[in-house]
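**Student:** There's a structure below that I have some questions on.
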Amino acid sequence: MLIRKSGLQYDLLDAALTTSSLQLGEITFATNLRALRLVKTQKVDCIINSPSNSDGLFLTQSLLEYQNSVYFLSKNKLKIDTIQDLKNYSLVGFQNANQYLGAEFSELSKTHKSYHEIASQKNQILMLFSERIQAIILEQRIFDYYRNQIDERIKAPFEVTKVKLFDQAPRYIACHDPHTAMLVNEAISQLKQTNLYQDILLNAERSYYKVTELTK
């Protein structure tokens, strides 16, 4: 199993497997792109946070849904009402974002001359507040976490505008073996029928969880 050993998705998966009397084996930490390579070469059994278009892998149901949004400094008054408006500004997404944010964004990312992706979500926020980039794309819980973490490093108290251009994004577990995927899927179903699932989500909303940052 390849996962981040902290954070909301880890807590949910760990609870699901425990509820079904299953156990995690060896845990490997990796960025999104490397994680896909590891599971496709069968060096790990499953990965967390898989895109829905992971060819050749077997997906579970969604473990949870994320809300990815565009963030920019309010003082810059960017005009962003549609996905196509993003091509007018320099933009940084999280790693492999073009696989998670829908077909329209995926196509735009191929021709956008000032768009790139980086693995460090904290660095995305630092780039925004240091005005090295005009806009970033991040999940709202992750943005709030790192914004609080770097508050003392922000020289000016900039206000931020958030634009929700994307649908809520489901997060799947992907496995190279269909039987393993079936077992994990059943475990997730059982967890969702308990109060524990909602309790973990509520704790996340109250910022009781932490995000583990992965680097190359």
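First residue of the sequence shown: 0, per numbering that gives the first Met the number 0; consecutive thereafter.
Think of the CB as a built atom: it goes at the ideal place given N, C-alpha and C, for glycine as much as any other residue.
Owing to the predicted nature of the structure, the values given are computational and were not obtained by experimental measurement.
Between the C-alpha atoms of residue 151 and residue 121, what's the straight-line distance to the nearest angstrom?
**Tutor:** 14 Å
**Student:** Do you know offhand how far residue 169's Cα is from residue 11's?
**Tutor:** So the alpha carbons of these two residues sit roughly 14 Å apart.
**Student:** Should residue 44 go down as buried or exposed, given a rule of 16 or more other Cβ atoms within 10 Å for buried?
**Tutor:** buried
**Student:** Let me confirm a value: residue 197 is counted as buried when at least 16 other C-beta atoms fall within 10 Å, else exposed. Which label applies?
**Tutor:** exposed
**Student:** Contact between the region 129 to 149 and the region 63 to 72: three or more CB pairs below 8 Å?
**Tutor:** yes
**Student:** Could you give the DSSP three-state label for residue 148: helix, strand or coil?
**Tutor:** Helix.
**Student:** Tell me, to the nearest whole angstrom, how far the beta carbon of residue 118 is from that of residue 30; I am working on the premise that it is less than 8 Å.
**Tutor:** 5 Å
**Student:** Tell me whether residue 184 is buried or exposed, calling it buried when 16 or more other Cβ atoms sit within 10 Å of its Cβ.
**Tutor:** Buried, since its Cβ has 16 or more Cβ neighbours within 10 Å.
**Student:** Measure the C-alpha to C-alpha separation of residue 126 and residue 174 and round it to an integer number of angstroms.
**Tutor:** 34 Å
**Student:** Tell me the DSSP secondary structure of residue 58 in three-state form.
**Tutor:** strand
**Student:** Considering only residues of the same chain and omitting the five flanking positions on each side of residue 195, which have a CB-CB separation below 6 Å?
**Tutor:** 14
**Student:** Tell me which same chain residues have a C-beta within less than 8 Å of the C-beta of residue 189, skipping the five on either side of it?
**Tutor:** 15, 18, 19
**Student:** Compute the Euclidean distance between the alpha carbons of residue 98 and residue 156, then round it to the nearest angstrom.
**Tutor:** When rounded, the distance between both Cα atoms is 33 Å.
**Student:** Given residue 58, which residues of its chain have a CB within under 6 Å of its CB, disregarding the five upstream and five downstream residues?
**Tutor:** 171, 173
**Student:** Counting only runs of 3+ residues fully inside the region 39 to 97, write out the beta strand (DSSP E) ranges in chain order.
**Tutor:** 45 to 49, 63 to 65, 67 to 72, 90 to 93
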